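Visitor: Questions regarding the structure given below will be posed in turn.
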Amino acid sequence: MALDPDSVLLQVEAHLLTALGQDSGRAGVSFLGAERIDVLRFGPDPDGLVRYCTLGMSRAPMGDPGALVVLEDGPRAELLLSVTDPHDTVLRRLAVLAASPSVEGVVLVPGAGLDLGEPLWDGAPFTAVLVGEPGGLVPDLELEGHEPVRFLPLLPMTPNEAAWKRVHGAQALEQRWLDRGTDLRDPRRAEVDLTAQ
Numbered sequence: 005m006a007l008d009p010d011s012v013l014l015q016v017e018a019h020l021l022t023a024l025g026q027d028s029g030r031a032g033v034s035f036l037g038a039e040r041i042d043v044l045r046f047g048p049d050p051d052g053l054v055r056y057c058t059l060g061m062s063r064a065p066m067g068d069p070g071a072l073v074v075l076e077d078g079p080r081a082e083l084l085l086s087v088t089d090p091h092d093t094v095l096r097r098l099a100v101l102a103a104s105p106s107v108e109g110v111v112l113v114p115g116a117g118l119d120l121g122e123p124l125w126d127g128a129p130f131t132a133v134l135v136g137e138p139g140g141l142v143p144d145l146e147l148e149g150h151e152p153v154r155f156l157p158l159l160p161m162t163p164n165e166a167a168w169k170r171v172h173g174a175q176a177l178e179q180r181w182l183d184r185g186t187d188l189r190d191p192r193r194a195e196v197d198l199t200a201q
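Written out as structure tokens, the structure is:
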């Protein structure tokens, strides 16, 4: 049985408010040939941490829009970015990333890299993101009889980090960040050392 897209989004929004509290702002972005994507901002919290989460990507399962058979079920997701200090110019860029499954037919999975070709927010040194593992900050939203909605964290990458990840893989880059104690939520963090073994 097909899911009503509006019903899915209402459930997603309620789930986000339960997990993150009341949003502190939102913006809607519409693209030609795609449904509107909203981006909700949560925070800043007492530590200055701000969460941005898309709302609209999970309206339909991810898959090839040009396929002869459109699947009634499949992976559904929303994108989640955590940074210290508000950077609201990220709203439109996040909406662009969230529209990519419906516009380009990509299925976003952990380990995938998404390149914006422009700063993630105004003045950011990051032009790409690595899709992280879901289930951390916001747990999966179960949909009866269908695949759950997963909330995929986005990890900002500099152009050099993105290029290094394409050669060495997502796991190697994440290990390098971990080994060097990189705070991926720091909007002013330095690029991780990619030369040393």
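For the sequence shown, this note's numbering assigns the number 5 to the initial residue and increments by one for each residue that follows. Just so you know, even glycine gets a beta-carbon here, dropped at the ideal spot from N, CA and C. The structure presented is a predicted model; accordingly, all values stated were derived computationally and were not measured.
Between the alpha carbons of D51 and E151, how many angstroms are there, rounded?
Guide: 34 Å
Visitor: Compute the distance between the beta-carbons of P105 and F130, then report whether it is under 7 Å.
Guide: no
Visitor: Closest by CA to P114, which one among G136, A31, D49, P65?
Guide: That would be G136, whose Cα lies nearest to the Cα of P114.
Visitor: V153 and V33: beta carbons closer than 7 Å?
Guide: No, they are not a contact pair.
Visitor: Just how far apart, CA to CA, sit L85 and L158?
Guide: 5 Å
Visitor: Can you tell which of V43, A167, R180, G47 has its C-alpha closest to the C-alpha of Q26?
Guide: G47
Visitor: By DSSP's criteria, E82 is part of a beta bridge. Which residues make up the other side?
Guide: Here E82 is bridged, per DSSP, to F155.
Visitor: Using the Cα positions of E82 and E108, report the straight-line distance between them to the nearest angstrom.
Guide: 16 Å
Visitor: Does the distance from the C-beta atom of R180 to that of V196 stay below 7 Å?
Guide: yes
Visitor: What residue range is occupied by the uninterrupted beta strand (DSSP E) comprising D42?
Guide: 38-46
Visitor: Quick check: the Cα distance between A99 and T162, rounded to an integer number of angstroms?
Guide: 19 Å
Visitor: Measure the alpha-carbon distance for L36 versus G173 and round it to whole angstroms.
Guide: Taking the straight line from one Cα to the other gives about 33 Å.
Visitor: List the DSSP bridge partners of T88.
Guide: L53
Visitor: In this structure, does DSSP put A6 in helix, strand or coil?
Guide: coil
Visitor: Quick check on P138: buried or exposed, where buried means 16 or more other Cβ atoms within 10 Å of its Cβ?
Guide: buried
Visitor: For A194, count the other beta carbons within 10 Å of its own beta carbon; 16 or more makes it buried, fewer makes it exposed. Which is it?
Guide: exposed
Visitor: Can you tell me where the alpha helix (DSSP H) with A99 in it begins and where it stops?
Guide: That run of the alpha helix (DSSP H) goes 94-108.
Visitor: Looking only at its own chain, which residues have a Cβ that is under 7 Å from the Cβ of D190, when we skip the five neighbours before and after it?
Guide: T88
Visitor: Please report the straight-line C-alpha distance between G149 and P143, rounded to a whole angstrom.
Guide: 18 Å
Visitor: Relative to the C-alpha of D92, which candidate in M61, Y56, V12 has its C-alpha closest?
Guide: Y56
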